[in-house]
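Novice:
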Amino acid sequence: MKLLQALNGEPIWPPPAWLMRQAGRYLPEYRATRAQAGDFISLCLNPALAAEVTLQPIRKFGFDAAILFSDILILPMALGQGLRFAEGEGPRLPPLESLSTLDTARAPGVYAPVMETVRRVRAELPAETALIGFAGGPATVACYMLDGEGGGEFPRTRRLAYEQPGFVAAVLEVLSEATIAYLSAQVEAGADCVMLFESWAGIFPAAQFRELVIAPNRRIIATLKARHPGLKVIGFPRLAGLMLGEYARNTGVDAVGLDTVTDLAKAIDVCPPGTVFQGNLDPLLLKLGGVAMDEAARKLLAQARGRPHIFNLGHGITPDVPEANVARLMEIIRSA
Ligand code: CP3
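Below is the structure:
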């Protein structure tokens, strides 16, 4: 598998490629399957249909990796927190007031369908295509649990981190343990590697970044690697800025997903030698296509040449991306 070879530090060329949110609303077959499931959460918990949407972009574009179709918020839902997706508005949860409302013992039963999806996808994927399991990073998942919605500001989470640090630490503790169990189950079901999405890592000041992002990520990664020798882990500390080097050095990740703003050359400078990078084309260019996309993709490829690199976007595909642009991007990468 080219993806695992790159994660092992081999400068595979052309680089393996996949795209965050590669299964999603820009694909008509995704929209049809979601309609069949009824709604997004039902789709995540329906192994036959979730496996189908995981495989759709592989069949269409031949990516080097499939990512399990699910969501980072399935874990808090499995822990007993209500979750709904408001049409056109994103996720909503009742903001968490107390740990006593969470039930870690019931979680594996609720997320059991996700493990069945992993088994089905692995059985159907071509041997050379890697299956990426994933979870949200605990800080990012806690943002949604404490604020009850996204939007990127998370005012309650940030206030609680100062005013009730013990409560926030306890939430992260529960989430870290639950995340270890959840990712471990994915690996046992057949995931070839895993990725931690710390999409909101960059909202915290440096001291809190160390405590709320780096420390829990390190603990999760160390425990997973002890349980599953050889397991490769990709971290995505979005908007980490100058904290990127510390994140790479102190968490034990094998690869770092770069957000859109981060220059690969600068990331190479601040991360330990041997760090593998993934990313980071601007998703807007995938929507716009044309010469601008071609040139940016070629420039990124030139920067990554000679290194172990995984081609990806800097954030997820948006629903307005034309499929033809995805096909064109893959052509550019394959002919690099
Ligand atoms: O193809 C894949 O990348 C795998 C599946 C996947 C989804 N979400 C499917 C999804 C993955 C890995 C995620 C991760 C995720 N979910 C993150 C971290 C990555 C990031 O984007 O920063 C976050 C923050 C979430 C939480 C979440 N899920 C939000 C904020 C939203 C609403 C925004 C939106 O795009 O509508 C979702 C919904 C969601 N997750 C969709 C998909 C395909 C759209 C649901 C639909 O079909 O309507």
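Straight run, no breaks: the sequence shown in our numbering ends on number 337. Ideal placement from N, C-alpha and C gives every residue a C-beta, glycine not left out. These numbers come from a predicted model, not from an experiment.
Measuring alpha carbon to alpha carbon, tell me which of 143, 153 and 180 ends up nearest residue 170.
Specialist: Closest by C-alpha distance to residue 170, out of 143, 153 and 180, is 143.
Novice: For residue 268, count neighbouring C-beta atoms within 10 Å of its own C-beta (all shown protein chains included) and say buried if the count is 16 or more, exposed if not.
Specialist: Only buried fits residue 268, as 16 or more other CB atoms lie within 10 angstroms of its CB.
Novice: Report the partner residues of residue 37 according to the DSSP bridge assignment.
Specialist: DSSP output for residue 37 lists no bridge partner at all.
Novice: So residue 5 and residue 193 are supposed to be a Cβ contact under 8 Å. How far apart are they, rounded?
Specialist: 6 Å
Novice: Cβ of residue 275 within 6 Å of any heavy atom in the ligand CP3?
Specialist: Annotation for residue 275 indicates a beta carbon at 6 Å or more from all heavy atoms of the ligand CP3.
Novice: Helix, strand or coil: which one does DSSP assign to residue 281?
Specialist: The answer is strand: DSSP assigns residue 281 an E or B state.
Novice: Would you say residue 230 reaches chain D, if we count a Cβ-Cβ gap shorter than 7 Å as a contact?
Specialist: In summary, chain D is missing from the structure at hand, where a single protein chain is found.
Novice: Following the continuous alpha helix (DSSP H) through residue 332, name the residue where it begins and the one where it ends.
Specialist: 324 to 335
Novice: Using the Cα positions of residue 312 and residue 319, report the straight-line distance between them to the nearest angstrom.
Specialist: 17 Å
Novice: Taking DSSP as the reference, what is the three-state secondary structure of residue 2?
Specialist: Reduced to three states, the DSSP call for residue 2 is coil.
Novice: Residues in the same chain with beta-carbon distance under 7 Å from residue 134, minus the five sequence neighbours each way, listed in chain order, please.
Specialist: In the same chain as residue 134, and ignoring 5 residues on each side of it, the C-beta atoms closer than 7 Å to its own belong to 69, 119, 184, 187, 188, 192 and 195, in chain order.
Novice: Where DSSP assigns a beta bridge to residue 92, which residues make up the other side?
Specialist: For residue 92, which the question treats as bridged, DSSP gives the partners 86.
Novice: If you measure between the beta carbons of residue 109 and residue 48, is that distance less than 7 Å?
Specialist: no
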